[in-house]
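K.L.:
Here the sequence shown stands for residues 2 to 714, numbered as in the numbering used here.
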Amino acid sequence: MTYGKSGSGALKVMLLGAAATWPMAVAAQGEPASTEPAEIIVTATRRAESIQDVPASIAAISSENLDAAGVTSTRGLEQVVPGLVMVTTSTATQPTLRGVGTRGSLPGEESNVAMYIDGVYQPNMNANNFELLNVERVEVLKGPQGTLYGRNATGGAINVVTTKPGDTMVGKFSLSYGRFSEVNAAAYVGVPLSDGLSVDLAANKVSREGYIEDLVRGGTVGERDSYNVRGRIRFRPADGIDIIAAISKTSTKDSSAFSVQPINGNTVGRRENPSVLLPTKPRQYVGDVLPRTGLKQTDFSLQGQFDLGFATLEAVGDYQTNLSYYSSDSDGTTVRGRDINATGDYIDAWSGEARLISKGAGRLDWIVGALYFGSKAAQNPSIVRTLTSTTEFRGRQDAEAYAAYVEATYEPVDGVFLTGGYRYSNEKKTYTSFVNVKGPTVSASFDSWTPRASIRYQINPDANIYFTFSKGFKSGLFNLSSASTTPVRPETITSYEAGLKLKPASWLRTNLSAFVYDYKDLQVSARLAGNTVAFLQNAGVAKIKGIDLDITAYPIDGLSINLSGEYLDSKFKDFTGAAVNIPTVVNGVAVGGNSSIIIDATGKHLIRSPRYTATLGLAYQFEAVGGVIKLGGSTAYNDGFFLEFGNRLHQPAYVLANANVGWWTKDERLGVTLWGENLASEDIVQWALVSGNQDGYSYRPPATYGIRLQGRF
Numbered sequence: 002m003t004y005g006k007s008g009s010g011a012l013k014v015m016l017l018g019a020a021a022t023w024p025m026a027v028a029a030q031g032e033p034a035s036t037e038p039a040e041i042i043v044t045a046t047r048r049a050e051s052i053q054d055v056p057a058s059i060a061a062i063s064s065e066n067l068d069a070a071g072v073t074s075t076r077g078l079e080q081v082v083p084g085l086v087m088v089t090t091s092t093a094t095q096p097t098l099r100g101v102g103t104r105g106s107l108p109g110e111e112s113n114v115a116m117y118i119d120g121v122y123q124p125n126m127n128a129n130n131f132e133l134l135n136v137e138r139v140e141v142l143k144g145p146q147g148t149l150y151g152r153n154a155t156g157g158a159i160n161v162v163t164t165k166p167g168d169t170m171v172g173k174f175s176l177s178y179g180r181f182s183e184v185n186a187a188a189y190v191g192v193p194l195s196d197g198l199s200v201d202l203a204a205n206k207v208s209r210e211g212y213i214e215d216l217v218r219g220g221t222v223g224e225r226d227s228y229n230v231r232g233r234i235r236f237r238p239a240d241g242i243d244i245i246a247a248i249s250k251t252s253t254k255d256s257s258a259f260s261v262q263p264i265n266g267n268t269v270g271r272r273e274n275p276s277v278l279l280p281t282k283p284r285q286y287v288g289d290v291l292p293r294t295g296l297k298q299t300d301f302s303l304q305g306q307f308d309l310g311f312a313t314l315e316a317v318g319d320y321q322t323n324l325s326y327y328s329s330d331s332d333g334t335t336v337r338g339r340d341i342n343a344t345g346d347y348i349d350a351w352s353g354e355a356r357l358i359s360k361g362a363g364r365l366d367w368i369v370g371a372l373y374f375g376s377k378a379a380q381n382p383s384i385v386r387t388l389t390s391t392t393e394f395r396g397r398q399d400a401e402a403y404a405a406y407v408e409a410t411y412e413p414v415d416g417v418f419l420t421g422g423y424r425y426s427n428e429k430k431t432y433t434s435f436v437n438v439k440g441p442t443v444s445a446s447f448d449s450w451t452p453r454a455s456i457r458y459q460i461n462p463d464a465n466i467y468f469t470f471s472k473g474f475k476s477g478l479f480n481l482s483s484a485s486t487t488p489v490r491p492e493t494i495t496s497y498e499a500g501l502k503l504k505p506a507s508w509l510r511t512n513l514s515a516f517v518y519d520y521k522d523l524q525v526s527a528r529l530a531g532n533t534v535a536f537l538q539n540a541g542v543a544k545i546k547g548i549d550l551d552i553t554a555y556p557i558d559g560l561s562i563n564l565s566g567e568y569l570d571s572k573f574k575d576f577t578g579a580a581v582n583i584p585t586v587v588n589g590v591a592v593g594g595n596s597s598i599i600i601d602a603t604g605k606h607l608i609r610s611p612r613y614t615a616t617l618g619l620a621y622q623f624e625a626v627g628g629v630i631k632l633g634g635s636t637a638y639n640d641g642f643f644l645e646f647g648n649r650l651h652q653p654a655y656v657l658a659n660a661n662v663g664w665w666t667k668d669e670r671l672g673v674t675l676w677g678e679n680l681a682s683e684d685i686v687q688w689a690l691v692s693g694n695q696d697g698y699s700y701r702p703p704a705t706y707g708i709r710l711q712g713r714f
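Here is the structure:
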């Protein structure tokens, strides 16, 4: 049988929608909104602008909306951004946006939806899932970011913007307890030390028991234990000078992704022992090796802004170290000898970027910048054990990259804005292979010009129409789990997008966009039978097209509504050499495990590309019971998507519903909230491990719920 609920039944959708929208019935008795909602300011163009004036598709989620939707970490962003799918491959958390993403998770591979924290690039996918501490807003930039956020960002970029320490003392805390004995404690304090000098400290600790039943030893697996600490010093010695130094330390242990179970009995363990114990429902584990995984990261950054009169100079430098490890059972059964153990995978990365941003009040705005990036990444070692052999991988890849870019916007006549930009990228990769014995050291260089051009017509102060053309580039790289000295080629994407941004009423915003992508040389990852580690190859051409709709409304005081959706059509137009796994069949009978074949995947759907996604978010507050009642909820619908390029395995459609109700004092300094996540207990695949040994899934947690105490001063 195939595990998982469809989640697409009309009755379920209607019931969950009704549950999520019940605050509106209460709110309908309120008064009309007396003030306009705050203007949404974003930095998608590297300068502060209204989201309605940026000729691009952007989702900007404030801290208040994140709280109302029950989103506490980056993984939860798919709850509020249609078209965004957050999944795990091995130890890496990988965003896929509008069908553009990666399954590659070896050291040195970078996401093609770039992650930033306060504008600082985060190259390590293993660190992509983190708690949202002291967040002001999260910006999700859809489409290739060829000019300003152009490093490997063929799919888009996610920028987490935090609140800076300022001239007044502020603080807040949160302590939550929930199902599976989950404890989530977070605190933030910002303190001014003197005129122009302030510091802050943010800390978070999460612990959770396992939620996956261990059928072999009893008890559970899938526990989590993590913490994050970040401290900053902000120095403003004079007007026009703003310098921030930051250091953060992160440690995460979460074995849930590696708690993989064979699906439909497809494991090579059954071939060796037909009566081997197998799971019968989701969230069960029968491996003979306890899954183990972890990450440690240290990050140092220094940022500065300097007012030069005619322009602002921004400079940022960053250095980070990342160490990850894992061990797992590759066949998902108690058959010994098929264990994968990997320890000491590391990534050291450093970068520096400088930008000069014009400040003129005339018709021309411009920005010029340059970037340097370097990294060292290695498996040290990765050991694969089978019944008959042991293979050791110690591949290392060094990267050195340079980029320079320029972009300008000119208003030739009132209401018409023309934007043009170019980015030049040059990257060198040096690879030393080690598969049982040390191999040769080889190098390869890649470069690209990525333009961006757009025209925006401001029909009136509340209506804009735009068309944008842009290209994206992701550098080529070597396969660290291979003795091959041939790298995969860079992938490129060309985007055409048209959009309409309207504010038909003071309390209503409506944004609509349509897009087409020409996607070439996709870097795809697969696992061949007889080889439990991943390898990379280039797919030929894919075509992606779709429509985005976002509606934000504040119809009465205290009530906010966000309704958004996306239609997506993504298919390979040329992928003749696709390496896929299919169940091994002997004499017409599936005996367990997979065999590798090469197919023509032309016409197949891209992975993690649901045709329809939609989100509904609501937040309502009103005075009652001697304080303020806050109600929040979010419902995200996903039409389902394929998990591998052969389109054999599929995540069924699901509805992910969160809700919360809280009481706060009238001054909103202290509050208590009841919360629930995944209230329908949908079976959502966290990691799909498709290899010669098995079709294996691990699942996200079922319904969770609890209570949270919060305070601020």
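All residues carry an ideal CB built from backbone N, CA and C; glycine is no exception. Only a predicted model underlies this, so the values are computations on that prediction, with no experimental measurement involved.
#1: For K206, which of F714, T73, A258 and S496 has the nearest alpha-carbon?
#2: Using the Cβ count rule (16 or more neighbours within 10 Å means buried), how would you classify G604?
#3: Going by DSSP, what residue range makes up the alpha helix (DSSP H) through T269?
#4: Could you tell me which uninterrupted alpha helix (DSSP H) segments, each at least 4 residues in length, are contained entirely in the stretch 591 to 633, listed from first to last along the chain?
#5: Have a look at A203 and L134 and give me their C-alpha separation to the nearest angstrom.
#6: By how many angstroms is the C-alpha of F470 removed from the C-alpha of T251?
#7: Does the separation of the CB atoms of T420 and A454 fall below 8 Å?
#8: Could you tell me if M717 is buried or exposed, where buried requires 16 or more neighbouring beta carbons within 10 angstroms of its beta carbon?
#9: Where does M25 sit, in a helix, a strand or coil, going by DSSP?
#10: What separation, rounded to the nearest whole angstrom, lies between the Cα atoms of K475 and Q538?
#11: Is there a C-beta anywhere in chain C that falls below 8 Å from the one on G191?
#12: What separation, rounded to the nearest whole angstrom, lies between the Cα atoms of F468 and V417?
#13: Where does I245 land, buried or exposed, given buried means 16+ other C-beta within 10 angstroms?
#14: So T148 packs on Y373, CB below 8 Å; how close in whole Å?
#15: Rounded to the nearest angstrom, what separates S35 and A554 at their Cα positions?
#16: What's the gap between the Cα of N661 and the Cα of T103?
#17: Give the DSSP-derived three-state secondary structure of I685 in the structure shown.
#18: Rank Q380, Y432 and W367 by C-alpha distance to the C-alpha of A409 and give the top, closest one.
#19: Do you know whose CA, among E498, A484, L501 and G578, lies nearest A527's CA?
#20: For my contact list, G84 and D640 are in at a C-beta cut-off of 8 Å; report their separation, rounded to the angstrom.
#21: For R218, count neighbouring Cβ atoms within 10 angstroms of its own Cβ and tell me buried if that reaches 16, exposed if not.
#22: Assuming S177 and G707 form a contact by the criterion Cβ under 8 Å, report the distance between their Cβ atoms to the nearest whole angstrom.
#23: Please state if the CB of S257 and the CB of T92 are separated by a distance shorter than 8 Å.
#24: Would you identify the three-state DSSP class for F642, choosing helix, strand or coil?
#25: Taking buried to mean at least 16 other C-beta atoms within 10 Å of its own C-beta, is K430 buried or exposed?
#26: Hey, out of D226, G220 and T163, whose CA is closest to A186's CA?
#27: Since E1 is in the alpha helix (DSSP H), which residue starts that stretch and which ends it?
#28: So the candidates are G179, A188 and S182; which of them puts its Cα closest to the Cα of V171?
#29: Which residues in the same chain have their Cβ closer than 7 Å to the Cβ of F131, if we skip the five residues on either side of it in sequence?
#30: Pairing CB atoms from the stretch 425 to 444 with CB atoms from the stretch 492 to 511, are three or more of them under 8 Å?
#31: Excluding sequence positions up to five away, which residues of its chain have a Cβ less than 6 Å from the Cβ of L142?
#32: For a test of the three-state rule: what should DSSP assign to T75, helix, strand or coil?
#33: If you count every other CB in all the chains shown that lies within 10 Å of the CB of I42, and 16 or more means buried, which is it?
#34: Using 10 angstroms around the beta-carbon of K631, count the other beta-carbons present and answer buried if the total reaches 16, otherwise exposed.
#35: Taking T392 as part of the beta strand (DSSP E), name the residues at either end of that continuous run.
#36: Taking 6 Å as the limit between beta carbons, can you name the residues of its chain near L365, skipping five residues before and five after?
P.N.:
On the basis of the data shown:
#1: T73
#2: exposed
#3: Residue identity differs from the one stated: residue 269 is Val in this sequence, not Thr. Start and end: V269 to E273.
#4: none
#5: 7 Å
#6: 38 Å
#7: yes
#8: Not covered by the structure: residue 717. The range shown for the chain is 2 to 714.
#9: For M25, the predicted structure reports a pLDDT of 38, less than 50, and the residue's modelled location is therefore unreliable. The matter cannot be settled from this model.
#10: 14 Å
#11: Of the chains in the structure shown, none is chain C; there is only one protein chain.
#12: 12 Å
#13: buried
#14: At roughly 17 Å, the Cβ-Cβ gap does not stay under 8 Å, so T148 and Y373 are not in contact.
#15: Its pLDDT being 41, under 50, S35 is placed unreliably in this model, and the value from its coordinates should be taken loosely. Whole-angstrom Cα-Cα distance: 13 Å.
#16: 33 Å
#17: coil
#18: W367
#19: G578
#20: Their Cβ separation, rounded to whole angstroms, is 11 Å, which puts G84 and D640 out of contact at 8 Å.
#21: exposed
#22: 6 Å
#23: no
#24: strand
#25: buried
#26: D226
#27: Not covered by the structure: residue 1. The range shown for the chain is 2 to 714.
#28: A188
#29: S74, T75, N229 and T251
#30: no
#31: A45, I59, G157 and A158
#32: helix
#33: exposed
#34: buried
#35: T391 to F394
#36: Y411
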